[in-house]
Amino acid sequence: MTARYLAVKALMRQEQNGYANLVLDSELKACKPPLSPRDAAFASGIFYTVLERRSLLDWMLAQFSKRPLEKLDAPVRAILRAGLAQAKFMDVPLPAAVNESVKLAKAFGKTSAAGMVNAMLRRTAALDPKPEHWPDLEERLRTYYCLSQPIAALFAAQYPQDAEAMAAAFYQRRPTAIRVNPLRTTDEALTQTLQQEGHTVTAGPWPHCLLVIFNGNPAASKAFHAGQFHVQGLASQFAALCCDARPGMRVLDLCAAPGGKSLTIAEQMQNRGELFSGEAMTGRVKLLKQAFDRCGIERAKPYHGDATILNPAFGLGSFDRVLCDVPCSGLGVIGKKPDIREKTLDGIENLLLTQQKILQNGAKYLAPNGRLVYSTCTVNHHENEAQVRQFLQDNQDFSLIAPQIILSGMRVGEYGTLFLPHETSTDGFFAAILERQKNR
15 MTARYLAVKA
25 LMRQEQNGYA
35 NLVLDSELKA
45 CKPPLSPRDA
55 AFASGIFYTV
65 LERRSLLDWM
75 LAQFSKRPLE
85 KLDAPVRAIL
95 RAGLAQAKFM
105 DVPLPAAVNE
115 SVKLAKAFGK
125 TSAAGMVNAM
135 LRRTAALDPK
145 PEHWPDLEER
155 LRTYYCLSQP
165 IAALFAAQYP
175 QDAEAMAAAF
185 YQRRPTAIRV
195 NPLRTTDEAL
205 TQTLQQEGHT
215 VTAGPWPHCL
225 LVIFNGNPAA
235 SKAFHAGQFH
245 VQGLASQFAA
255 LCCDARPGMR
265 VLDLCAAPGG
275 KSLTIAEQMQ
285 NRGELFSGEA
295 MTGRVKLLKQ
305 AFDRCGIERA
315 KPYHGDATIL
325 NPAFGLGSFD
335 RVLCDVPCSG
345 LGVIGKKPDI
355 REKTLDGIEN
365 LLLTQQKILQ
375 NGAKYLAPNG
385 RLVYSTCTVN
395 HHENEAQVRQ
405 FLQDNQDFSL
415 IAPQIILSGM
425 RVGEYGTLFL
435 PHETSTDGFF
445 AAILERQKNR
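Shown next, in the form of structure tokens:
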């Protein structure tokens with residue numbers, strides 16, 4: 015099986031409503047014999063490029079298709095998208111992209127479509143669409159920047175001056191941010207180790223943070239297996255650091271998986287005190303434990319629990335720090351999760367209620383003078399500032415405090431700190447630091 019064949023097969027499956035990363039991983043694991051690392055990377059590149067650019071690819075193909083794309087056979091549609099993606103966005107020479115696509119049509123039993131594939135790819139590859147071809151902002155966000163209609167409408171309404179720059183920023187490739195584990199190594203030693211492994215390393219914006227261009231998968235690094243670091247985006251690190259966890263404290267992370275914030279908090283605590291890390295999905299609790307074990311974290315206790323349900327057994331009013339990194343729409347991580355581009359935002363009201371419940375429960379676990387951090391990986395005002403505003407109205411014994419950690423471009427507002435990708439070169443993110451006053 016070739017890389018292109020696997021990519022087309024995965025695209026066909028994903029179009030039937032599957033999570034992109036799971037679909038691709040399943041196809042790669044099922045491939046016999048396995049693809050080489052280089053071919054697997056190429057297949058992944060085709061797959062994710064199509065998902066990231068699908069609306070624009072479809073617009074281009076529609077200019078020359080005699081039939082609506084949805085009426086084409088699924089393999090032919092996927093082959094056309096994959097071929098055009100290679101030619102326009104992956105620096106694959108047009109003759110190679112076309113010829114290999116024609117071969118794929120035959121390999122998928124669509125020999126009768128081979129001529130059409132050839133002609134359409136050659137014609138569509140000559141197109142050079144620009145953002146200004148769509149004067150209306152919302153239409154431009156939908157077609158050129160490949161966002162669903164509900165997401166495009168939300169961005170245009172909430173960020174009329176920033177929406178296009180933000181949408182463009184989701185396509186930017188940045189170094190991978192990692193968190194150094196001071197229990198196992200130092201910033202300087204890990205930098206040297208990673209450089210010796212062939213990776214490019216620069217210092218991050220704060221201690222124990224490095225920015226790395228990895229030569230391959232970060233998890234393949236010997237330093238990773240030795241628990242010397244974990245991968246964690248800058249905005250996510252910011253939220254964990256806002257907790258200001260210290261040795262000997264009692265800390266609760268209500269929505270912990272995949273575990274990056276809990277690891278950072280635990281490392282700040284220097285294996286002194288208690289950290290409870292909750293997760294509603296049973297299978298992910300095991301992943302939390304594996305992460306703690308790999309990094310030498312001894313005082314963290316992963317547990318299975320629904321953060322929307324109060325658990326008095328933990329001890330209400332007994333935690334020095336509580337982190338509520340709540341489930342959200344994910345509109346800040348579109349660059350990492352292209353599935354989100356197709357979101358309808360159906361059920362957002364239920365999601366808002368879930369966030370409110372978790373935040374209110376977090377407050378009930380917090381001790382006097384304790385610190386509560388609310389965070390999301392979305393840029394939706396209703397999930398961010400509006401939630402904090404409502405919380406402060408309902409809880410007069412809390413006040414918002416400004417972050418002590420600064421990242422260039424972040425917006426510190428009346429109800430929290432907002433990260434917009436085009437301004438901070440990070441994921442879109444939001445965090446608010448709330449402190450309970452002792453004598454209110």
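FYI, in the working numbering the residues of the sequence shown are 15 to 454.
Cβ coordinates follow ideal geometry from the N, Cα and C atoms, glycine included.
Quantities reported herein were computed from a predicted structural model and do not represent experimental measurements.
| message | Checking the sheet assignment: what are the DSSP bridge partners for Gly223? | response | The displayed chain sequence assigns Cys, not Gly, to residue 223. Cys223 pairs with Arg193.
| message | Check this for me: beta carbons of Leu366 and Gln401, under 9 Å apart or not? | response | yes
| Which residue's Cα is closest to the Cα of Thr296: Ala280, Gly319 and Leu289? | Nearest of Ala280, Gly319 and Leu289 to Thr296, Cα basis: Gly319.
| query | Roughly how many angstroms lie between the CA atoms of Asn195 and Phe238, to the nearest whole one? | reply | Inter-residue distance for Asn195 and Phe238 is about 10 Å (C-alpha atoms, whole angstroms).
| Hey, is Arg193's beta-carbon within less than 9 Å of any beta-carbon in chain C? | Protein chains in the displayed structure number just one, and chain C is not present.
| task | Check whether the region 324-337 touches the region 379-388, taking contact to mean three or more Cβ pairs, one atom from each stretch, closer than 8 Å. | result | Touching, yes, given that three or more Cβ pairs across the two stretches are closer than 8 Å.
| message | Nearer than 8 Å: is that true of the beta carbon of Gln451 relative to any heavy atom of the ligand FMN? | response | The model depicted lacks the ligand FMN and carries no ligand whatsoever.
| query | Roughly how many angstroms lie between the CA atoms of Leu70 and Ala92, to the nearest whole one? | reply | If I take the Cα positions, the gap works out to 14 Å.
| Going by Cα to Cα distance, which pick from Pro107, Phe184, Lys300 and Ala170 is closest to His436? | Phe184
| request: Hey, could you find the ends of the beta strand (DSSP E) Arg91 is sitting in? | output: Note, Arg91: premise wrong, no beta strand (DSSP E); alpha helix (DSSP H) at Ala88 to Phe103.
| field | Pair within 9 Å by beta-carbon distance, Leu225 and Leu421 | value | Not a contact, by the Cβ cut-off of 9 Å.
| message | How far does the beta strand (DSSP E) with Ser276 in it extend, from its first residue to its last? | response | Membership of Ser276 in any beta strand (DSSP E) is not indicated; the residue belongs instead to the alpha helix (DSSP H) covering Gly274 to Met283.
| Per DSSP, which one or two residues make a beta bridge with Leu366? | Looking at the DSSP assignment, Leu366 forms no beta bridge with any residue, so it has no partner.
| request: Can you tell me which of the three DSSP states Leu380 falls into? | output: strand
| Between the C-alpha atoms of Leu380 and Arg313, what's the straight-line distance to the nearest angstrom? | C-alpha separation (whole angstroms): 19 Å.
| task | Please confirm if the region 128-135 is in contact with the region 155-164, defined as three or more CB-CB distances below 8 Å between the two stretches. | result | no
| query | With contact counted as at least three CB pairs below 8 Å, one residue from each stretch, are the region 246-262 and the region 427-447 in contact? | reply | Output reads yes: the region 427-447 touches the region 246-262.
| message | Looking only at its chain, what residues have a beta carbon closer than 7 Å to the beta carbon of Met74, apart from the 5 residues adjacent to it on each side? | response | Excluding sequence neighbours, Met74 sits near Leu98, Thr138, Leu141 and Pro143.
| Since His244 sits in a beta bridge, which residues does DSSP pair it with? | Arg193
| Beta carbon of Ala127, beta carbon of Ala121: below 9 Å? | no
| Are there three or more Cβ pairs, one per stretch, closer than 8 Å when the region 349-360 is compared with the region 277-290? | no
| query | DSSP puts Thr390 in a beta bridge; with which residues? | reply | Phe444
| task | Locate the beta strand (DSSP E) running through Thr214, then write down its first and last residues. | result | Thr214 to Ala217
| said: For the region 24-38 against the region 197-215, do three or more pairs of beta-carbon atoms, one drawn from each stretch, fall closer than 8 Å, so that the two count as touching? | reply: no
| query | So, is Ser343 buried or exposed, given that buried needs 16 or more other C-beta atoms within 10 angstroms? | reply | buried
| request: Locate the beta strand (DSSP E) running through Gly430, then write down its first and last residues. | output: Judged by DSSP secondary structure, Gly430 falls within the beta strand (DSSP E) whose first and last residues are Gly430 to Phe433.
| request: Mind checking which residues open and close the beta strand (DSSP E) that includes Thr292? | output: According to the sequence shown, residue 292 is Gly rather than Thr. Segment Glu288 to Glu293, the beta strand (DSSP E) holding Gly292.
| query | Beta-carbon separation of Ile60 and Arg355 under 9 Å? | reply | no
| request: Could you round the C-beta distance between Glu288 and Pro316 to whole angstroms and report it? I think they count as a contact, below 8 Å. | output: At roughly 12 Å, the Cβ-Cβ gap does not stay under 8 Å, so Glu288 and Pro316 are not in contact.
| task | Starting from the C-beta of Ser413, find all residues in its chain whose C-beta is less than 8 Å away, skip the five residues before and the five after it, and write them out in chain order. | result | Leu406, Leu448, Glu449 and Gln451
| request: Starting from the C-beta of Phe243, find all residues in its chain whose C-beta is less than 7 Å away, skip the five residues before and the five after it, and write them out in chain order. | output: Ile192, Arg193, Val194, Asn195, Leu204 and Ala237
| field | Which residues DSSP lists as bridging Tyr317, in chain order | value | According to DSSP, which records beta bridges pairwise, Tyr317 is partnered with Gly292.
| said: Between the alpha carbons of Leu266 and Ser291, how many angstroms are there, rounded? | reply: Cα to Cα, Leu266 sits roughly 6 Å from Ser291.
| query | Between Asp339 and the rest of its own chain, which residues show a CB-CB distance below 7 Å, the 5 nearest in sequence each way excluded? | reply | Ala253, Cys269, Lys275 and Ser389
| field | Residue from Lys378, Ile311, Leu373 and Gly310 whose Cα sits closest to the Cα of Ala327 | value | Lys378
| Can the beta-carbon of Thr306 be found closer than 9 Å to that of Gly273? | Per the sequence shown, residue 306 should be read as Phe rather than Thr. Yes, they are a contact pair.
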